[in-house]
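S.K.:
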């Protein structure tokens, strides 16, 4: 490393920063020695399909031209301990990171270090999970109404009455709480809906399967299941308990669940519902957005405006369509069983925002051959509503926070 | 009556086991009172009750006329009763001074006293009781067993204002001189002493009266002057024992050599040549720390040699572990001195303890249950006269003597022809001793060979075909059976020229 | 022996104390008490939901506790030899990932792949055991470090997304019924019998117990304490791997964190089952009882209409109550009371 | 175990380290920490900036305090899983306490310590009073505390007084508050170790029976070890709240295994009798520093675990080797 080139790049960056970013933020001034942007990809744990797909997307994009020339991406896995992620963020800031694209382990514990990073000129882009620190960008679907919309879909399927299970996420987690609050907002309107059991499935297929099996022992006559991620496990538990009976259920985006929804055999047994929920594609969107801001192609947003909503994927049973190729093309939204594991989260693609990606990107972090980075559409950024404890600290949620966006009630309470 | 302690109808039960069923005794001020009884007669329980470790189920205790019911050791000490325990209650990593002062070492409650000051106070205490050769700042784990025992006794002395309980205080002491002078000083101050020992001679020397326990009951209190040894034994066991016979085996020089060592070194052992023939019992004598421990452990495979050779069954052998020793034909089995730490498996039944030898040596895994183990163990148990009904007991609940029998039975079970025993009859009662001697002779008669160390000279004289005397890690003398006498051994043990002390016992 | 010797008579006289070995050991009582507690819980669960307390709940409990029982057996053996196996979670993951990646959704090679996977897991256990015995590394650190290393390797090799499917045959096995009872429950039964024999009624079990009870004495008695300790860790790792294989078949795929949910419960099952955490004492039947108790409890709790906070508190309190009831002191007190009244 | 075997085969070399050597055992982990710090600083010179040091200390402090607490229990031969529960519970209680300013911080500290001590006392009662195996009893209390934490705060959030968030994680007269706390704990321990209570703690861990027969109140010693532990866990939760400026009902979970790893890394023997709080503090600091070193060395993130695991094993081996060398020199 020569001091000359370092100084040169610093000057260049400072120049770019002052001229193009109009002083809205401290310019990123520390590219790596070879003139690349130093970007960290900070993960919680890469322990399930969702996490690794999200990470792979960012890795694939960073290898896609022209980022393969201009971006040095360093991946860091911090485990499940917020203290470890705090330590890693500190290290990234100390190393002069230009940007950090991250799945934050805690919505609140990281605020201090994020704040400091912002002061040092590091851009923070959180995907999926969020932090309440206002200087960070949150790219997330959380505010898009997964809970209330999927709950309404289930209520519609059940005709407004029945015994249901709530298969929740991780206890004490703000995302789980938001989803469940949204769902309960709907369920509470229908006196005919009885919550027979409520259990935590840790967003994991296997845990969902075991917990659902336990609940089924007490309530074999359940009429429907409202599930967060891990939904494919619930189907397996239902089949285990009674191979001839399925019930309407809503869940997230696993390939297994989508295939099951589209399976006529399962439909005949009673399966119906909607696949919605958290898309790994958020990470790619966050990364591209961050790069555009870093490169000056896009104005940075003012603090307080940095909560960006990612649209909620919404695939009812009749809309499931198998993909022929290795990407979402022609409106397809699921893959054949032999291509991906059932736990594979299908929503890695977004033809508008992320046309660069293919299955190889999501599975192995490989760039799609011949693809180059396409600029995000000008209107790609959609502001997310305030959600206290999720993307802001002392703020008020809008009154219509649980307004339905994807579905209309077909039954009245 | 000037009884400092009076005990009436004392009873104690542990779960289903009745340990004491009615003990009466009284100890006068300034008296040394012996408690006699076989292992399992209830002596240990009595000690525990008096010292506040456990509380009685029934009966009454009074101290200087006032009811005495200690809830803890501290409680007992507060009332002037303190105990020197047989199993030694010293904390290994603390200094002598700290151990002396436990549990309240420091004078300040919240601000600690400096270690130097604690050691000074500890040293003063030691001086007060004429202990001059043990530094107060030594760490207990660095001390010899004998030194530790003296610290244990000194600590008890320092707390004893009314009653001093001494449970086998001489088990590891090389002589009784210091102990007895301290006891006399305490009794001179009016302290009553409860004295427990298996050694009748020393009991007669220091005690005036004795209370005999049998099966948890007190049989009676006698003035020791008025009763002979046989009479005491008969009270202890319920009938008169036959006179002891000296029936040592004739040495058989022509017999096959089972084991030889050449210039064997390691630990304190500086080079020993010995040979062990089939059919003989070779005793090892020596003062404390002359390398006897190393010799037996080396031969038993429980210690790695520092040099020299061991030849077993005619071939050079590397005895790297007790297992290796057992498996080297014709087989060597070692029974260590410390029953609790290296011998028994306390929560397993006696049968399981014995039968384990079969599983350790037999290579194949097999199914077992309690019955199978009992069957396996039964024969070996018979050879050491262990009553078969004890086979179902957890070994931890058995008396020390029966535990020792279990260990010997396990050793026999291995089928090894060479037995290496470290003080096999230490701390066991008369009856058990006889069973052990009998087993040893029988073992040798059947063509086995025994190498054993004993801290009791009479035992060596009585049992050995010949006796090796160690001094400073080397063989000082080999005494043939015809020349065996306690005086001869003692002289050799002191390195030939030195004058034997008056006391006839030696310690580990 | 020839003729009665005085010594023999002496000890016979001495033996005239009335102490008797307890015919029913306190361990047996404790084991029975756990199963009693499980039965009480199941019966009481009718109050929670009318569908509970029936055969289908018992079936669910057996089915779900099978996984816990499999890995708790290994944990129990390790605890028996005074150790602790914190690598269980990672070994479950390893077993699951190996089975899905190697079998790749086909039945070919099932017969040799399963033993091969178990062997690989056992070898990892041997590594832990060697570190613990020969290098005197505390079991806690050694198994935790090995667990972290294995997990990290799984993560690196799979890139975070384990691919592949379990063998269809295994998958069917997990779903099939035999004589009206799910096949895994039969497997559980077989495993419990084998485990009980191994730990309680075999020479190996006796040797392991001896090593755990008093390692120094075991060495002097001629046992290879080190080899036996290593063996315990190897068995534990293999059991965890076995659990992983079955879990992957149960949920049709492997995930990296699938073992986490079994670490603390495997220890809890062993300890609630009456084994001493200090080693040398314990029975596998007790551990099975502990696992059933924990699983039954969570089945009931999941049907209970209260918030998660209260559920968690209830779970803790019930475990606590079980521990208080299952103490040795309670049995001793009962025994004494019984003797006095009888 | 192997140690015991090796020693039992050669009783004449059976010399457990005395208190002097015990004190030295903290030096070992300090040495390991120093080596790691040198590596870290040489790779990343900016680590020596006052801010970096302050941040590192703040980051390490909660785990250090939790490990310090666990040490009290482990020294007497026990085991305390409740660390995860107590930290979660105290953490959320602080986050929902509507107080502010230095006095508010003090009130928080008072409440935190009360909870920690109370739960510790329950643990102590269960273990010392009812004679339930420590690992099982504390598992149950851990679960109960976690449930209570969920009741109090359903999701991360809440409010922590600014005084805690800024002043307690900052510096006074150029000295980081975290460092002051660490030094205070070290001072407290070196004092406590010499008091009767501290001596009894080690004595009970070394030989429970002998300690009892020496007149030490074993139950009382056990009981208070849990109380001390609870207090330290509470302190850890308090500093965690200050550092993260919020509460989380699952805040304690990562501490469960890490605090024991820290204690073991510090050389404190599981089973009791050997080790100390200072060593555990550095054990915990080493774990945190390891995270930094691995980052600085740029080890491929997928395989950080491999390096982490190996470092843990090597650190323990190194400490054991030094201890062995010291012992054999003493014997020779």
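Residue numbers (this note's numbering), protein chains in the order written: chain A, 18 to 430; chain B, 11 to 518; chain C, 251 to 592; chain D, 145 to 476. From the three backbone atoms N, C-alpha and C, an ideal C-beta is built for every residue, glycine too.
What residues match up with residue 180 (chain A) in a beta bridge as DSSP calls it?
M.R.: Looking at the DSSP assignment, residue 180 (chain A) forms a beta bridge with A:211.
S.K.: Compare the C-alpha of residue 142 (chain A) against each of A:213, A:401, A:116, A:350 and name the closest.
M.R.: A:116
S.K.: Verify the CB distance criterion: does residue 355 (chain D) have a CB-CB separation below 7 Å to chain E?
M.R.: No chain E appears in the structure shown, which is made up of the protein chains A, B, C and D.
S.K.: Going straight from the alpha carbon of residue 217 (chain D) to that of residue 281 (chain D), what length do you get?
M.R.: Going from the Cα of residue 217 (chain D) to the Cα of residue 281 (chain D) covers about 13 Å.
S.K.: My understanding is that residue 437 (chain D) touches residue 264 (chain D), with C-beta atoms under 8 Å, so please give their C-beta distance in whole angstroms.
M.R.: Wrong, their Cβ atoms sit about 34 Å apart, outside the cutoff.
S.K.: Could you tell me whether any non-hydrogen atom of the ligand FMN is closer than 6 Å to the CB of residue 434 (chain B)?
M.R.: The ligand FMN is absent from the structure shown, which contains no ligand whatsoever.
S.K.: Would you decide whether residue 305 (chain D) is buried or exposed? Buried here means 16 or more other CB atoms lie within 10 Å of its CB.
M.R.: With 16 or more other Cβ atoms within 10 Å, it is buried.
S.K.: Counting beta carbon pairs with one atom in the segment 231-238 of chain D and one in the segment 175-187 of chain D, are three or more of them shorter than 8 Å?
M.R.: no
S.K.: Taking the straight line between their C-alpha atoms, what separation do you get for residue 275 (chain D) and residue 353 (chain D)?
M.R.: 15 Å
S.K.: Shortest alpha-carbon distance to residue 29 (chain B) belongs to which of B:48, B:13, B:14, B:56?
M.R.: B:56
S.K.: Have a look at residue 43 (chain A) and residue 109 (chain A) and give me their C-alpha separation to the nearest angstrom.
M.R.: Annotation note: pLDDT 38 at residue 43 (chain A) (below 50); position unreliable, coordinate value reported separately. Between residue 43 (chain A) and residue 109 (chain A), the C-alpha separation is close to 17 Å.
S.K.: Can you give, in chain order, each stretch of the alpha helix (DSSP H) that sits fully within the segment 322-347 of chain C and has at least 4 residues?
M.R.: none
S.K.: Should the segment 177-184 of chain A be regarded as contacting the segment 289-306 of chain D, the criterion being three or more beta carbon pairs within less than 8 Å?
M.R.: no
S.K.: Tell me which residue opens and which closes the alpha helix (DSSP H) that residue 292 (chain A) is part of.
M.R.: Per DSSP, residue 292 (chain A) belongs to no alpha helix (DSSP H); it is in the beta strand (DSSP E), 291-293.
S.K.: Does DSSP classify residue 497 (chain C) as helix, strand or coil?
M.R.: helix
S.K.: What is the residue span of the alpha helix (DSSP H) that residue 80 (chain A) lies within?
M.R.: Note, residue 80 (chain A): alpha helix (DSSP H), 66-80.
S.K.: Report buried or exposed for residue 427 (chain A), applying the criterion of at least 16 other Cβ atoms within 10 angstroms of its Cβ.
M.R.: Taking all protein chains shown into account, residue 427 (chain A) has fewer than 16 neighbouring C-beta atoms within 10 Å of its C-beta and is therefore exposed.
S.K.: Taking Cβ positions only, does residue 58 (chain B) come closer than 7 Å to chain D?
M.R.: Chain D contact via Cβ: absent.
S.K.: Strictly under 7 Å for the Cβ-Cβ distance: is residue 394 (chain C) near chain D by that measure?
M.R.: Nearest CB-CB separation between residue 394 (chain C) and chain D: below the 7 Å threshold.
S.K.: For residue 135 (chain A) and residue 375 (chain C), I'd like the C-alpha separation in whole angstroms.
M.R.: 46 Å
S.K.: Assuming residue 144 (chain B) and residue 129 (chain B) make a contact with CB atoms under 8 Å, what is their CB distance in whole Å?
M.R.: Incorrect: roughly 12 Å between the Cβ atoms, too far for contact.
S.K.: Assuming the contact rule is C-beta atoms closer than 8 Å, residue 295 (chain A) and residue 275 (chain A) should be a hit. Round their C-beta distance to whole Å, please.
M.R.: Rounded to the nearest angstrom, the Cβ distance from residue 295 (chain A) to residue 275 (chain A) is 14 Å, too far for a contact under 8 Å.
S.K.: According to DSSP, is residue 477 (chain B) part of a helix, a strand, or is it coil?
M.R.: strand
S.K.: Can you give me, in chain order, the residues of the segment 221-233 of chain A that have a beta carbon less than 8 Å from any beta carbon in chain C?
M.R.: 221, 222, 223, 224, 226, 227, 228, 230, 231, 232, 233
S.K.: Does any residue of chain B have a CB that is nearer than 7 Å to the CB of residue 134 (chain D)?
M.R.: Only positions 145 to 476 of chain D appear in the structure, and residue 134 (chain D) is not among them; the question remains open.
S.K.: Counting only Cβ pairs nearer than 8 Å, list the residues of chain D close to residue 105 (chain A).
M.R.: Listed by position along chain D, the residues whose Cβ is nearer than 8 Å to that of residue 105 (chain A) are 435, 439.
S.K.: For residue 163 (chain A), list the residues DSSP reports as bridge partners.
M.R.: Answer is none; residue 163 (chain A) lacks a bridge partner.
S.K.: According to DSSP, which residues form a beta bridge with residue 432 (chain A)?
M.R.: With chain A covering 18 to 430 only, the question about residue 432 (chain A) has no answer from this structure.
S.K.: How big is the Cα-Cα spacing for residue 57 (chain A) and residue 69 (chain A)?
M.R.: 15 Å
S.K.: Taking Cβ positions only, does residue 84 (chain B) come closer than 7 Å to chain D?
M.R.: yes
S.K.: Nearest CA to the CA of residue 370 (chain A): which residue from A:197, A:357, A:390?
M.R.: A:390
S.K.: I'd like the span of the beta strand (DSSP E) that includes residue 326 (chain A), first residue to last.
M.R.: 324-326
S.K.: Apart from the five residues on each side of it in sequence, which residues of its chain come closer than 8 Å, Cβ to Cβ, to residue 88 (chain A)?
M.R.: 53, 54, 56, 79, 308
S.K.: Whole angstroms are fine: how far does the CA of residue 475 (chain C) sit from the CA of residue 445 (chain C)?
M.R.: 21 Å
S.K.: Return helix, strand or coil for residue 217 (chain B), following the three-state DSSP convention.
M.R.: coil
S.K.: If residue 422 (chain A) and residue 199 (chain A) are in contact, beta carbons under 8 Å, what's the gap, nearest whole angstrom?
M.R.: Contact flag wrong, Cβ pair sits at about 11 Å.
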